[in-house]
Amino acid sequence: GVVGMKPTYGLVSRYGLVAFASSLDQIGPFARTVEDAAILLNAIAGYDPNDATSLKVDIPDYTQFLKPDLKSNGKVKIGIITETFGEGLDPVVEKAVTKAIDQLKDLGAEIQEISCARFRYGLPCYYIIAPSEASANLARYDGVKYGLRASDADNLLSMYTKTRAEGFGVEVKRRIMLGTYALSAGYYDAYYLKAQKVRTLIKQDFEAAFEEVDVLVCPTAPSTAFKAGEKTEDPLSMYLTDLMTIPVNLAGLPGMSIPCGFDEQGLPIGIQLISNVLREDQLFQVGYAYEQATEWHLSQPVLKDEG
657 GVVGMKPTYG
667 LVSRYGLVAF
677 ASSLDQIGPF
687 ARTVEDAAIL
697 LNAIAGYDPN
707 DATSLKVDIP
717 DYTQFLKPDL
727 KSNGKVKIGI
737 ITETFGEGLD
747 PVVEKAVTKA
757 IDQLKDLGAE
767 IQEISCARFR
777 YGLPCYYIIA
787 PSEASANLAR
797 YDGVKYGLRA
807 SDADNLLSMY
817 TKTRAEGFGV
827 EVKRRIMLGT
837 YALSAGYYDA
847 YYLKAQKVRT
857 LIKQDFEAAF
867 EEVDVLVCPT
877 APSTAFKAGE
887 KTEDPLSMYL
897 TDLMTIPVNL
907 AGLPGMSIPC
917 GFDEQGLPIG
927 IQLISNVLRE
937 DQLFQVGYAY
947 EQATEWHLSQ
957 PVLKDEG
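For the sequence shown, counting from 1, position 152 maps to 808 in my numbering; every step adds exactly one.
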């Protein structure tokens with residue numbers, strides 16, 4: 657039930673961040689309101705020579721784009737990503753997001769459907785690229801300089817193996833092994849290189865879409881939240897909850913999730929806004945206008961005591 661903001665890749669420095677997947681990692685604010693997210697982004701955005709991927713660009717005051725009228729800067733064109741609706745989408749989520757889109761139309765936005773044909777390939781693409789980068793980045797956590805060090809190791813090799821066995825959780829180990837496999841001899845071209853090519857195609861789909869519209873919309877997730885630990889033994893089902901946000905991450909685009917309703921259990925539903933590179937201003941403009949016209953940001957999820 658909060659606002660989440662993922663800036664353009666490189667807008668916020670990654671210096672000091674524990675690296676998972678270097679070409680995907682991006683720091684962004686979580687906040688109760690769009691205005692708070694804008695204030696936070698003002699504070700953290702900007703060039704940092706300690707990060708080789710940091711962008712040398714002028715940073716505007718994002719709060720200047722917070723206006724309740726969508727027509728204040730001319731007609732805003734919003735595209736509905738057709739591939740994100742239909743099969744696999746919880747009907748309750750679809751209903752809430754569709755209603756939110758209708759409200760954006762009432763606020764003055766021009767709405768049209770738009771296709772991003774390779775959007776659905778983002779998930780398998782991500783789960784090749786991200787684990788591959790993670791397997792390299794997390795190799796440094798071997799007990800010598802960074803992180804945990806196993807206390808009962810007899811020699812250097814024992815320290816390496818025990819430290820990594822004790823320090824990483826099940827899911828992290830799974831991703832490291834997957835990444836190591838994808839980068840290994842004989843599989844690099846078949847998996848990692850092919851995934852990078854698909855990533856380029858996904859980015860090209862977004863570029864084509866932004867030639868027609870200013871902002872893209874879709875659900876933030878295909879369903880509401882599952883219980884903690886509920887899908888630990890079913891990683892594929894767990895990965896599918898990232899279906900809507902991963903393509904945006906692969907393309908390095910800015911995205912914003914804002915509350916747009918609740919399901920019958922009182923769990924929050926979000927609508928995702930996506931804009932072109934360095935067009936965070938459009939996300940704040942649309943997100944703030946929608947937020948001011950609704951009261952979802954004032955509501956909180958129902959917390960049930962199961963004890």
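Heads up, the beta-carbon is just placed ideally off N, CA and C, and yes, glycines get one too.
Proximity winner among the options, relative to residue i (alpha-carbon distances)
i, options, result
"Gln759", "Glu743, Pro957, Ala949", "Ala949"
"Ala687", "Pro957, His953, Val958, Leu959", "His953"
"Asp707", "Lys733, Cys781, Ala675, Ala792", "Ala675"
"Met912", "Ser807, Ala877, Ile767, Asp704", "Ala877"
"Tyr847", "Leu923, Pro787, Asp898, Lys761", "Pro787"
"Asp725", "Ser955, Tyr944, Gln956", "Tyr944"
"Cys772", "Met894, Ala795, Leu872", "Leu872"
"Met661", "Tyr718, Gly672, Asp714", "Tyr718"
"Lys853", "Glu822, Ile902, Cys781", "Cys781"
"Pro915", "Lys712, Gly742, Lys755", "Lys755"
"Leu722", "Asn793, Phe940, Val933, Ser955", "Phe940"
"Lys733", "Ala765, Ser710, Val749, Ser814", "Ala765"
"Glu920", "Pro663, Gly702, Leu680, Pro747", "Pro747"
"Asn932", "Val659, Val658, Thr664", "Thr664"
"Glu743", "Pro957, Leu899, Lys731", "Leu899"
Three-state class that DSSP yields for residue i in the structure shown
i, result
"Leu813", "helix"
"Gln768", "strand"
"Phe676", "coil"
"Gly963", "At Gly963 the pLDDT is 49, less than 50, meaning the model places this residue with poor confidence and gives no usable figure here."
"Lys1021", "Since the displayed the chain opens at 657 and closes at 963, residue 1021 lies outside it and no answer follows."
"Ser788", "helix"
"Met912", "strand"
"Leu667", "coil"
"Met900", "coil"
"Gly735", "strand"
"Lys755", "helix"
"Pro957", "coil"
"Gly778", "helix"
"Leu745", "coil"
"Leu872", "strand"
"Lys727", "coil"
"Lys883", "coil"
For residue j and residue i, believed in contact at Cβ under 8 angstroms, the rounded distance
i, j, result
"Leu959", "Val942", "Not confirmed; about 30 angstroms, so no contact."
"Arg774", "Leu857", "5 angstroms"
"Lys965", "Ala907", "Residue 965 lies beyond the stretch modelled for the chain, which goes from 657 to 963, so this question has no answer here."
"Lys801", "Asp808", "Wrong, their Cβ atoms sit about 19 angstroms apart, outside the cutoff."
"Thr791", "Gly835", "Residue 791 is actually Ser in this sequence, not Thr. Confirmed, about 3 angstroms."
"Ile770", "Glu868", "6 angstroms"
"Ala838", "Ile784", "5 angstroms"
"Ser678", "Asn811", "So it is not a contact: roughly 31 angstroms between Cβ atoms."
"Leu923", "Thr880", "4 angstroms"
"Pro875", "Val749", "5 angstroms"
"Ser710", "Gly672", "At roughly 12 angstroms, the Cβ-Cβ gap does not stay under 8 angstroms, so Ser710 and Gly672 are not in contact."
Where residue i falls, given that 16 or more other Cβ within 10 Å makes a residue buried
i, result
"Glu947", "buried"
"Met833", "exposed"
"Val690", "buried"
"Phe882", "exposed"
"Arg820", "buried"
"Arg705", "The question names Arg, yet the displayed sequence has Pro at residue 705. Exposed, because fewer than 16 other Cβ atoms sit within 10 Å of the Cβ of Pro705."
"Arg855", "buried"
"Gly963", "Only weak support is given to the placement of Gly963: the predicted model assigns it a pLDDT of 49, under 50, and the value that follows is read from those uncertain coordinates. The residue is exposed, with fewer than 16 neighbouring Cβ atoms inside 10 Å."
"Glu822", "exposed"
"Gln768", "exposed"
"Arg670", "buried"
"Ala752", "buried"
"Leu745", "buried"
"Asp870", "buried"
"Val713", "exposed"
"Asn905", "buried"
"Gln720", "exposed"
Distance cut-off 7 angstroms: residue i Cβ against heavy atoms of the ligand ADP
i, result
"Thr901", "Ligands displayed in this structure: none; no statement on the ligand ADP is therefore possible."
Beta strand (DSSP E) runs contained entirely in the region 920-953, provided each spans 3 or more residues: 924-931
At 4 residues or longer, and completely inside the region 687-725: list those alpha helix (DSSP H) runs for me, N to C. 690-700
Runs of 4 residues minimum, wholly inside the region 803-863: which ones carry the alpha helix (DSSP H) assignment? 812-823, 826-839
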